[in-house]
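Report on one structure; see the data block that follows.
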């Protein structure tokens, strides 16, 4: 048996962006999947707004919006149909669906391609649809798994703006990434995950105090040097 | 979490969309995604449109040519042209006499002339060149001819200027054709001799009539179909299934390949519902493909004028098309589930395609096997998946299909489809598929590492699918014990009931580490429920019996006169064994064990994925189908009454939060009926229908109806115990 995540305990709050950082294979995605109830932990639990995932995973999913690592869309459907489909999945009424789609179209700038087949969209446009899909049910918690993977500078900027808007909307956001520079720009607090364990946790200044280092990159190199004896993973 | 954040959950958690509206939206999305895909439409339309005309043309030029009985060619070697000419005249004269004898009574309806002409052999005389050495025996020895004839002309005469002869026949030893030619020739020689003798007698002035005369009537086999029709169900099945292959892969493995699976799994919707939407989409495409195939085949057959060659005298009728479609409908229900079962465990298109190859081979092999003579829809093939469907299709086309085996085969097929779909729901979106890790099927069937309180619907329906054929086969086995072996039969019946309905679910629960108490709802019910349960147990049987009578009056009758006699004899056998044995083996044990399975194990499993009403209805219908199967036969008239009984038992289980009241009710019901039948000759005859008495006395019905109503009210208004067992608590998140 492989232990992907071991003894991870973290907490996040409304209006806060929490960066779950770590190299590939650190256990970030596994942690997110446990948060959503897609993967049951061998011990411990996840609690969102008083609901435990082991007791009511469907309620947890109603409270969480997921932006997965890849911008996979149904190629034969239009963004409008995709958004309607997911709205149905979250049991939104027709009125709620149309209102929410109108809001998200405005927020994410989807109007020019809302009725085009998804297969014809650019990567950036697909990612916008993907972000809008995650917010269709206006969840109080948003999980983003490597949201800028495969995106160019413009696409990444859309994501940064998106995360900033989530903070202003008062949502609790957890961003998984191994792009430390973008994490430093986006996140309010950080959890440094390595080999499935949460090594450090806190704001940037708290981490600086704990480690005596200035930047997240330096902290990570030190962390990897201690545990793996190599800094090459960071460079990946 | 802060109050501000809590206020934001209102939208996320809101929504009152009806279950069906939501399910239809899921299905609509799957249909759009599938039907807009050009690859689906190509398979759906282009393949049948192109394939059938091509196959039709091939069939016309090759198969039909072979199928038509061509006139055989007989090669007869003679030594001179003169001999050949003489033989030709003799054969012609013989033919004339034989044809006159073969003339049918009714030539208008049978077109026998063409039959005779078709089968008339073509004679080829082999005559040597005048200057070459020639030996008849040598010619035959090297296979140059089928028969050799040396003609030695005699002084005798057949008619004026037409001499008689002594013939020496050269025949190839142990050669069928040579023997056939010789026999054919001898017939004509005898006819010629006879004609000559008759003419001679007539010329002498005497009237001569042949003392023995024959006359042949040519009769065609009714509904005679060509051999290719035997292949038709298999061809249509394969073509139809082909239509469902791509959508099944695209909607399951495709989700993973285009990275949409994880977001789909993040929805607060059970996998079973998501998979049901995909099932409907695959089924729709499969049915459309089936329709296209039937359409393309009909057009091809009509255009190439092959109706009679393929389908006999009646040709391709609307009734036949309806029959073909109903057959394809059942195929589609089953195969759509099987396709999803296979593709749900695949992590990519390629893997799904590789997994589907054995499935297609598994279809072709039995399809060819059932074409062999002797395969009928009876006995154990009735419950063998694929084989039973193909046999049913074959008999449907032949017009020999009977209702009872068809019902059992259909029920068995539908149960297998439901089980396949349940397992597919367990596989779809599972961790190994989502993350691409190894395992998959192993995860579904391996022993659970941790205990769960109730079986899942997957486990429940899979167990049911395997119990159905096992129950059918065991019932057939028991029907072999008759007469003096009746006690043994009762004991075996009890053992079978315990093994199947208690033993199998018990083993499954042990394997899945499910506690007996929660897994089969074996909890202590409220004491106040018992009077109502006992009243229901005592009063339901007359009404169940009356329902059976109603079913029989509308034509659902399984017992003919001979079978009634057998059942009446069985009743006599009952009276020769101790009543306690009858009650235990046919009353109490079936009551306890069947409830353990249907209302305990299965209902608990179904409740994890659906609301109480749906779970009770499904378990009741399954219960009804099980009661259609009798030892050595089937009783369709029991389907509806047993389903009603299943609904009642399910409701009582729901009200009592325990299976124990249903067990007691069922046991009392069975035992009451058996006791009355055992001690009362009249009632026993009414019950088996061996008497002319159809309905029970009105007074009985009034009393039992009153008791039944009190029992229903009592149970309905009884406050059940405060502690609800987990198996009966709504667990819509079950398949996580």
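Protein chains in written order, with our numbering: chain A, 54 to 289; chain B, 153 to 888.
Note that CB positions come from ideal geometry on N, CA and C, so glycine has one too.
Secondary structure at residue 286 (chain B): coil, using DSSP grouped into helix, strand and coil. Remark: three or more beta-carbon pairs, one from each stretch, lie closer than 8 Å, so the region 175 to 182 of chain B and the region 137 to 157 of chain A are flagged as touching.
Between residue 817 (chain B) and residue 685 (chain B), the CB-CB gap stays under 9 Å. Using beta-carbon distances, residue 415 (chain B) counts as an interface residue toward chain A, with a partner under 9 Å. In the three-state scheme derived from DSSP, where H, G and I count as helix and E and B as strand, residue 224 (chain A) is classed as coil. In the three-state reduction of the DSSP assignment, residue 360 (chain B) falls in the coil class. Residue state for residue 629 (chain B) is assigned as helix, using DSSP reduced to three classes. Among the CB atoms of chain A, none fall inside 9 Å of the CB of residue 505 (chain B). Assigned with DSSP and collapsed to three states, residue 231 (chain B) falls in coil, not helix or strand. In this structure, residue 196 (chain A) places its C-beta atom within 9 Å of the C-beta atom of residue 227 (chain A). With fewer than 16 other Cβ atoms inside 10 Å of its own Cβ, residue 629 (chain B) counts as exposed.
Note on residue 87 (chain A): 16 or more other CB atoms within 10 angstroms of its CB, so buried under the neighbour-count rule. A straight-line Cα-Cα distance of about 22 Å links residue 541 (chain B) and residue 576 (chain B). In the three-state reduction of the DSSP assignment, residue 105 (chain A) falls in the strand class. Residue burial annotation: residue 210 (chain A) is exposed, with fewer than 16 other C-beta atoms found within 10 angstroms of its C-beta. Inter-residue distance for residue 815 (chain B) and residue 387 (chain B) is about 48 Å (C-alpha atoms, whole angstroms). Among the bridge pairs identified by DSSP, residue 315 (chain B) is matched with B:309. Here the C-alpha atom of residue 418 (chain B) lies approximately 20 Å from the C-alpha atom of residue 431 (chain B).
For a Cβ distance threshold of 9 Å, residue set 121, 122, 123, 124, 125, 126 of chain A lies close to residue 411 (chain B), ordered along the chain. Residue ranges of uninterrupted beta strand (DSSP E) with 3 or more members are absent from the region 539 to 566 of chain B; none lies entirely inside it. Secondary structure remark: continuous alpha helix (DSSP H) runs of at least 4 residues inside the region 166 to 197 of chain B, in chain order: 171 to 187, 190 to 193. Rounded to the nearest angstrom, the Cβ distance from residue 805 (chain B) to residue 673 (chain B) is 6 Å, consistent with a contact under 8 Å. Within chain A, the residues 137, 138, 141 have their CB atoms less than 8 Å from the CB of residue 177 (chain B), given in chain order. Between residue 867 (chain B) and residue 688 (chain B), the CB-CB gap stays under 9 Å.
In the DSSP annotation of this structure, the continuous segment of the beta strand (DSSP E) that includes residue 198 (chain A) starts and ends at 194 to 198. Between residue 448 (chain B) and residue 461 (chain B), the alpha-carbon positions lie close to 17 Å from each other.
Taking 9 Å as the CB threshold, residue 117 (chain A) lines the interface with chain B. Here DSSP, grouped into helix, strand and coil, assigns residue 230 (chain A) to strand. The DSSP-derived three-state label of residue 118 (chain A) is strand.
As DSSP reads the structure, residue 274 (chain B) sits in a beta bridge with B:225. Ranked by Cα distance from residue 315 (chain B), the options B:238, B:292, B:200, B:295 are led by B:238. For residue 734 (chain B), the enclosing alpha helix (DSSP H) covers residues 731 to 734. With its beta carbon less than 9 Å from one in chain B, residue 134 (chain A) belongs to the interface.
With its beta carbon at least 9 Å from every one in chain A, residue 605 (chain B) lies outside the interface. In the DSSP annotation of this structure, the continuous segment of the alpha helix (DSSP H) that includes residue 459 (chain B) starts and ends at 459 to 463.
Relative to residue 355 (chain B), the option among B:321, B:342, B:312, B:329 whose CA is nearest is B:312.
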